[in-house]
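One structure is given here, and the rest of the page talks about it.
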Amino acid sequence: MTDKTIRRLHPALRDDIGDLLTQRPVPSHQLEQIDPFLFLNHHGPQVYGPHNRGLPFGPHPHRGFETVTFIVDGMLAHRDSAGHESVIHAGGIQWMTAGSGIVHAEVSPRDFLEHGGPLEILQLWVNLPSRLKMSAPAYTGLQRDQIPALPLDGGKVTLHLIAGEWETSTGPVRSLTGVFMSTVAMQAGGRLKVAGLQGRNVLLYVVRGRIGVGDPGDLVNAYQLVELDDDGDALHIRAEADSLLLFGHAEPIREPVVAHGPFVMTTREEIVQAIADYQAGRFGSTQA
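Numbering (the UniProt record's numbering), first residue to last: 1 to 288.
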C-alpha cells in the first residue's frame with residue numbers, strides 16, 4: 001500500500017453571484033475537472049438579514065450530469081419538473097440526476113426570506129458517461145439524521161456517508177456510477193486513512209480548518225481543492241485544526257466533455273439538441 005501524493009493545490013476563486021458570496025475551485029484556468037467531478041461552488045458562509053431576497057437560483061434546466069448540493073448551514077428549498085419538492089436543512093444534502101433533462105429551482109424557503117439567518121452551501125456537478133446521460137431524471141433529498149454519521153479515530157473524526165460503502169455501512173444514495181461521497185468533520189489531531197483508491201480520482205476540498213495530506217504531509221488550508229497524483233492507493237489525512245472536508249472518489253469516465261451553460265454532453269451536436277429540447281418545453285416545468 002502506497003500513499004497518494006499532492007500534485008497541486010487549487011485555491012477557490014471569488015466569483016460572487018449578486019449578494020451571494022461564492023468561491024469556485026473547479027473549473028479554473030489550471031484545472032478543468034477531476035474526472036468525473038466537473039464543478040464545485042462554495043456559497044457563503046454569510047448571514048442574511050430579515051426580509052432578504054434569498055438564493056438567486058430560480059427555475060433553470062440541466063441535462064447530462066448530476067448535481068449534489070450540501071447544505072452546510074441554513075436551509076434550501078428544491079422543486080423540479082419531475083414533481084419533486086423538499087426543504088432541506090443544515091447537514092442535509094440533495095442529489096439530483098438531471099439525466100435526459102430537468103428544470104429545477106433551488107431557492108430560499110419563505111421562513112428564511114422573512115427571518116434571515118446563516119447560510120453556507122456547496123454544489124457539486126458529477127458527470128455521467130455517455131451511456132447514462134439520457135437516464136430518467138431522479139431526486140433524493142436527505143436531512144442530517146438520514147445520513148449515517150460514522151465515528152472514527154476514537155470519535156475525533158465523523159464521516160457522514162452519503163453514497164458508497166465504508167466498512168460495513170452503505171450510504172443512502174445509490175450512485176449510478178459508483179461514486180463515493182461524504183463530508184468529514186475532524187477535530188484537531190484527528191486522523192483519517194482511506195484505502196482502495198487505485199484507479200479512482202479523489203475529490204478533496206477543505207471547507208473550513210486546515211489539514212495535512214500524506215505523511216509527514218503537506219498542509220492544505222480552507223478554500224483549497226487538492227489535486228492528487230495518480231500513483232498510490234491510500235490517502236492519509238490529519239487535522240491540524242478543527243476541519244470540515246468534502247471527500248469523494250470515483251472511477252474516471254475518460255470521455256469528451258462538451259459543456260454549454262447548464263448542459264454537459266459529449267458532442268456539440270448533443271448540446272444543440274439539448275437546447276432545442278429545452279426551448280421546445282420537453283424538460284417540463286416547475287409550475288404546479
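Think of the CB as a built atom: it goes at the ideal place given N, C-alpha and C, for glycine as much as any other residue.
Three-way DSSP call (helix, strand, coil) for His29 in this model: coil
Per DSSP, what kind of secondary structure is Val257 in: helix, strand or coil? coil
Element boundaries [beta strand (DSSP E), containing Ile88]: Under the DSSP assignment, Ile88 falls in the beta strand (DSSP E) whose first and last residues are Glu85 to His89.
For the region 139–199, which segments carrying the beta strand (DSSP E) assignment without a break, of at least 3 residues, lie completely within its bounds, in sequence order? 149–152, 157–163, 180–186 and 191–194
Does DSSP classify Gln279 as helix, strand or coil? helix
Please return the same chain residues whose Cβ sits closer than 6 Å to the Cβ of Met96, not counting the five positions on each side in sequence. Thr67 and Tyr139
Length of the line joining the Cα atoms of His62 and Lys156: 39 Å
Residues near Ile17 in its chain [Cβ-Cβ closer than 7 Å; skip 5 each side]: Pro56
Just mark His51 as buried or exposed, buried being the case when its beta carbon has 16 or more other beta carbons within 10 Å. exposed
Nearest candidate by alpha-carbon position, reference Thr177, set Arg144, Ala163 and Thr183: Ala163
Check this for me: beta carbons of Ala222 and Arg238, under 8 Å apart or not? no
In terms of alpha-carbon separation, which member of Val206, Ala276 and Asp218 lies closest to Phe247? For Phe247, the closest alpha carbon among the candidates Val206, Ala276 and Asp218 is that of Val206.
From the DSSP output, in three-state form, read off His115 for me. helix
Candidates Ala250, Arg200, Glu269 and Met186: closest to Ser243 by CA position: Met186
Would you say Gly64 and Leu128 are within 8 Å of each other, going by their C-beta atoms? Yes, they are a contact pair.
Please identify the residue among Leu21, Gly83 and Gly117 whose C-alpha is closest to the C-alpha of Val47. Gly117
Taking 7 Å as the line, does the beta carbon of Gln143 fall inside it for any heavy atom of the ligand COA? For the structure depicted, the ligand COA is absent and the ligand set is empty, with no information on it obtainable.
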